[in-house]
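For reference, the structure is listed below as structure tokens.
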Amino acid sequence: MIALISLLLLIGLQASSPVDAKKCPELYRRYSAQHTFCLPANNTCSILKRGVTDKDKKLIVKLHNDYRNKVATGQESHAGVCPKQLTCWK
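So the sequence shown is residues -21 to -1, 1 to 69, counted in mature numbering (1 follows the signal peptide of the UniProt record, and there is no 0).
Quick look at the structure:
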């Protein structure tokens, strides 16, 4: 009897879930069934801008390089020193 109730509950939960397994790739479902990619679109949200500007791209690359240099020179206390890796050319 408990098994039957559990089965019915499981079927009911899956049927009421907003996730459509056919439309939501496993890549996103593996993180959460409620991943934003899997949820229906929010019709009350209006996108004003999308994308990354060239100015933002330059800032992202600069911040990445600054942090990478701190790690490589041992100035980053949280990550420690990153030893120089061998370069392999194929």
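A virtual CB, placed ideally from N, CA and C, is assigned to each residue, including glycine.
On a predicted model such as this, the values are computed, not experimentally measured, just so you know.
Nearest CA to the CA of residue 31: which residue from 13, 17 and 40? 40
Spatial distance of residue 4 from residue 18 (CA atoms): 12 Å
With H, G and I counted as helix, E and B as strand and the rest as coil, what does DSSP make of residue 31? coil
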